[in-house]
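Read through the structure below, which is laid out as structure tokens, and then see the notes.
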Amino acid sequence: MKKIGLFFGSFNPIHIGHLILANYILENSDMDELWFVVSPQNPFKDKKSLLKDHNRLDMVQLAVKNYPNMRASNVEFSLPKPSYTIDTLTYLHEKYPEYSFSLIMGEDNLESLHKWKNSDILIKNHHIIVYPRVFVGEKKDSEYLQHENISLIKAPVIELSATEIRNMIRDGKNVRPMLPPEVFEYLDGSSFYK
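For the sequence shown, the working numbering begins at 159 and goes up steadily by one.
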């Protein structure tokens with residue numbers, strides 16, 4: 159059974175931190191592939207600052223084209239909005255019964271996991287790979303880390319955010335080193351985030 163890691167996000171825009179993390183997880187786990195699931199609308203985020211779905215998908219496709227075990231997924235584009243992870247996973251299991259799916263999330267998301275739709279079912283039925291994040295304030299050890307379906311992977315902590323990149327673009331600053339070259343070229347010739 160092929161093992162697929164699902165890395166959900168707005169990818170607004172995708173940056174080198176995402177690729178470093180994805181590559182680390184692929185190289186240090188039993189995943190066969192990693193899919194970047196481009197989310198049209200995260201129920202916990204404001205949609206105003208989002209580029210159009212197809213623009214963000216285009217950037218992810220450009221970013222992963224040279225990585226044979228990574229792919230861009232638009233699976234949530236045709237599902238009801240807002241997007242809930244449990245609904246997407248249910249759909250993917252029905253569409254690809256021959257695949258085993260794991261969820262990839264940042265350690266900071268564990269604190270709010272109890273607020274996610276059907277979080278108990280999500281944890282019970284799916285393997286979750288958790289990568290470390292920089293915490294502001296006091297870090298709490300999550301009770302979820304004790305669960306048998308949740309694994310903490312010691313990936314490098316990347317202090318780079320899409321919000322910071324958008325702000326730098328708006329302010330006319332150089333973001334070339336923070337983006338995959340193809341994504342930089344895509345944004346450089348546009349008015350996105352300006």
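A virtual CB, placed ideally from N, CA and C, is assigned to each residue, including glycine.
The shortest CA-to-CA distance from residue 236 to any of 223, 198 and 229 is the one to 198. The alpha helix (DSSP H) runs of length 4 or more contained entirely in the region 264-347 are, from start to end of the chain, 277-283, 320-328 and 339-346.
Between the region 278-286 and the region 234-248 there are three or more inter-stretch CB-CB distances shorter than 8 Å, so the stretches are counted as touching. By the 16-neighbour rule on beta-carbons within 10 angstroms, residue 279 is exposed.
Between residue 250 and residue 259, the CB-CB gap stays under 7 Å.
Between residue 321 and residue 171, the alpha-carbon positions lie close to 9 Å from each other. Taking the C-beta atoms as reference points, residue 159 is found no nearer than 7 Å to residue 192.
Distance between residue 263 and residue 288, taken at the CA atoms: about 5 Å.
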